[in-house]
Structure formats: C-alpha cells, structure tokens
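To keep things clear, I will list the structure first and then write my remarks on it.
There are 2 protein chains.
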Amino acid sequence: MIARSELKRELINAGIRPSVQRLAIYEYVKSHHTHPTADVVYDALRDELGSLSLTTVYNTLKLFVDAGLVQLLTIDDTFRCFDGDTSCHAHFRCDSCGKIVDLKIKSDFLSMVSGLEGFEIKEAQLYLKGICPICKRKN
Amino acid sequence: MIARSELKRELINAGIRPSVQRLAIYEYVKSHHTHPTADVVYDALRDELGSLSLTTVYNTLKLFVDAGLVQLLTIDDTFRCFDGDTSCHAHFRCDSCGKIVDLKIKSDFLSMVSGLEGFEIKEAQLYLKGICPICKRKN
DNA sequence: TTCATTTCTGAAACCATTGCAAATATAAAA
DNA sequence: TTTTATATTTGCAATGGTTTCAGAAATGAA
Numbered sequence: 001m002i003a004r005s006e007l008k009r010e011l012i013n014a015g016i017r018p019s020v021q022r023l024a025i026y027e028y029v030k031s032h033h034t035h036p037t038a039d040v041v042y043d044a045l046r047d048e049l050g051s052l053s054l055t056t057v058y059n060t061l062k063l064f065v066d067a068g069l070v071q072l073l074t075i076d077d078t079f080r081c082f083d084g085d086t087s088c089h090a091h092f093r094c095d096s097c098g099k100i101v102d103l104k105i106k107s108d109f110l111s112m113v114s115g116l117e118g119f120e121i122k123e124a125q126l127y128l129k130g131i132c133p134i135c136k137r138k139n
Numbered sequence: 140m141i142a143r144s145e146l147k148r149e150l151i152n153a154g155i156r157p158s159v160q161r162l163a164i165y166e167y168v169k170s171h172h173t174h175p176t177a178d179v180v181y182d183a184l185r186d187e188l189g190s191l192s193l194t195t196v197y198n199t200l201k202l203f204v205d206a207g208l209v210q211l212l213t214i215d216d217t218f219r220c221f222d223g224d225t226s227c228h229a230h231f232r233c234d235s236c237g238k239i240v241d242l243k244i245k246s247d248f249l250s251m252v253s254g255l256e257g258f259e260i261k262e263a264q265l266y267l268k269g270i271c272p273i274c275k276r277k278n
C-alpha cells in the first residue's frame, strides 16, 4: 500500500493535476493488482466518490497510460484492462476462468528476438494463454 | 505460394468443409503475410468471388483461429488482424506508420519466464511496439 | 428425388469506447 | 475577496468493429 501523498507526488511529477477522481483512480490501479477494466474501476469507486462518470474513468486511465504510469493490456481481445505495475513482467490469461496472472520474466528477454537492428523499441508485451493450475486441477 | 489442393487438404484435416469462400479466405491469409483485418480480406476477395458477405469473412476467420490454422493478433487495441503464419515468431507494430512486421524469435524463449509450473500454455504472443527503421530515418 | 444438415447472407443488435457540450471545480489575477 | 480564465468532470448520444439472427441457398446422405 502506497501513501496518498506519494501517489499525489507521482501524478504531479508526470504533469497531471491530482484531482479527487484522478487520485482515487490512480490509487485503485496501484493498489489492486487485479488488472481491472475501466468498468471495474468505475463500479469500485462510484460509491466512495459519490459521483463519478464512466467517461472520466476512461479518460483518466488513458491519461495515465499516455504518461507511462499505467500499462494497457490487450491480452483479451474483447476488452481492455489496466495494470498499475509498469515493471517488466509477462501476463497469463486463463482460457477457462479468464483470470489474468502476472509472471516474472528475465529483463533481457529481448535478446531472444533477432532482426531488431534499426528498430526503436518503446514497449514489449508477452502474453501467454492456456489453462491455469486451479482450473487444470478441476478437470 | 501453396497449391489450392494442399490448402484444401489442410482444411479437411482440421474438420472444416472447404467451401469456395473458405478456401479463398484461407488461401488469402496463407499467401499474404500482411496481417490483414477481416475488412481487408473482404475487400480483396469480394470481386474475385462475385458475392461475399463480411459476416462470412468474420465467421470463417474465427473458425480458422479456433481450429489453430490462423493466428489472431491484438497488437493494435483498436482492431483485430490475422496471420496465416502460425509458427513461433514475434510481432512489431510501428507507432508511426502502423505497419506490423514479423520478427524471428528463439523457439525456447519461454525459458525466460519463471513460475510456469502447473500452467498449460497453449498460445504465446510477443508484441513489440516503437518506431520502425524506415520511419526513424525520416525524422 | 427427398430430406436433413451445413453454410451463406444482409440486416439488425450489441457493447466497449469515444465525442460533445454543458456544468463544475480549480488556479491565477485583480 | 471577487473576478476571470483554464482545467476537469459529467451525462448522454454517437461511433464502429464485431456478433447474432432468421431465412435462403447449397451440400451431402439415403
């Protein structure tokens, strides 16, 4: 759990004015590592904030992604979800239960890719899909 | 270029009846390595086939993906595109020109991921984004 | 041929996401 | 403090790629 004052500072450092809504949304994605969709964040915060618009959630998360504070995941092709953890890691999506899990990955994994000369890499996403251990045991 | 008869056999082996439309769509994605969207395939084949529905293209591509004959790429979160090459390779998307490029990758790159015990991996996608050599030279 | 099954089609529905313009809040200036 | 300008939020409507639907056509089996 990160202190609100620290989160506030991060937003300001990124040039983002820390409004009540923005700070609440930022705190949510930084403290919940559940890869929520915009809709999940909206449902979780609308009571706490009294009033909140789904549009604001979409706009704010996009703002965070553009600023590099949050990752956008497109591992599921039917919706977008967000990850407050911007460190280097892979994602696994279970075909059975839909859960998205973080996986550790060696920081130099790009050495496995050849033909990158002349390319400027800004972002790398490794998506794995299959059956998670829990669902596998059930079958 | 693969012979039609060979493509036909592949469809039958996968349990898919090779209708005129399916064979044409399959031939297109197997011979064009341009990562087309359903719409691009539709535009390319509607003249050749006389009549063709966009719905048929969507249904057919989904059928191929489910059968493992074609890959679905979600590297661009605003649309889906397809890749007839199902061998192990990575994809790069240029932020500037939008082009999607194939990149070679070592077949054992999953060894870079830890904590996979108990997981059954059915699919792996490595997406890289940034600026391609051509766009970089222009700036 | 006849019947059952599969496939194809266009139109309509779906739904996550975005655009818009008004309302509100915040900061700066007077 | 009050005024003014700017930034942010809001609700609703619209967008657009994708999926669904029911009927029509084609295919295969008997």
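From first to last, the protein sequence lines stand for chains W and Y. Sequential numbering from 1 applies to the first sequence in the working numbering. Sequential numbering from 140 applies to the second sequence in the working numbering. Cβ coordinates follow ideal geometry from the N, Cα and C atoms, glycine included.
Under the Cβ criterion of 8 Å, Lys129/W is counted among the residues facing chain Y. Against chain Y, the beta carbon of Ile105/W has neighbours under 9 Å at Met251, Val252, Ser253, listed in chain order. Residue state for Ile270/Y is assigned as strand, using DSSP reduced to three classes. Residues of the stretch 27 to 40 of chain W that bring their beta carbon within less than 9 Å of a beta carbon in chain Y are absent altogether. If only complete runs of 3 or more residues are kept, the stretch 208 to 270 of chain Y shows the beta strand (DSSP E) at 210 to 212, 220 to 222, 228 to 233, 239 to 244, 259 to 270, in order along the chain.
Around the beta carbon of Asp186/Y, fewer than 16 other beta carbons lie within 10 angstroms, which makes this residue exposed. Contacts with chain W at 8 Å (Cβ-Cβ) do not include Asp182/Y. Nearest to Asp224/Y by alpha-carbon distance, out of Leu255/Y, Phe218/Y, Ser235/Y, Val240/Y, is Val240/Y.
Nearest to Ser53/W by C-alpha distance, out of Cys81/W, Gln21/W, Lys62/W, His33/W, is Gln21/W.
Within chain W, no residue has its CB atom less than 7 Å from the CB of Gln210/Y, the nearest being about 12 Å off. Restricting attention to Asp95/W, Leu61/W, Cys97/W, Lys104/W, the CA atom closest to the CA of Asp83/W is found in Leu61/W. Taking CB atoms only, Lys238/Y has no neighbour in chain W less than 8 Å away. For the 8 Å CB-CB criterion, Val113/W and Ile151/Y do not form a contact.
Leu242/Y is a Cβ neighbour of Phe231/Y, given a cutoff of 8 Å.
Closest in alpha carbon position to Gln125/W, among Cys132/W, Lys136/W, Cys135/W, Leu110/W, is Leu110/W.
Proximity of Arg161/Y to chain W, defined by a Cβ-Cβ separation below 8 Å, is not satisfied. Judged by DSSP secondary structure, Arg148/Y falls within the alpha helix (DSSP H) whose first and last residues are 143 to 152. DSSP places Leu191/Y in the coil class of the three-state scheme, outside both helix and strand. A straight-line Cα-Cα distance of about 17 Å links Gly237/Y and Asp66/W. Here His228/Y has Asp241, Leu242, Lys243, Ile244 as same chain residues with Cβ atoms under 7 Å from its own Cβ, once five neighbours each way along the sequence are excluded.
Shown here, Arg17/W sits in coil according to DSSP, grouped into three states, outside any helix or strand. Against chain Y, the CB of Gly68/W has no partner CB under 8 Å away; the residue lies outside that interface. Only those residues of the stretch 72 to 94 of chain W whose C-beta falls short of 7 Å from the nearest C-beta of chain Y are listed: Leu72, Thr74, Asp77, Arg80, Ala90, Phe92.
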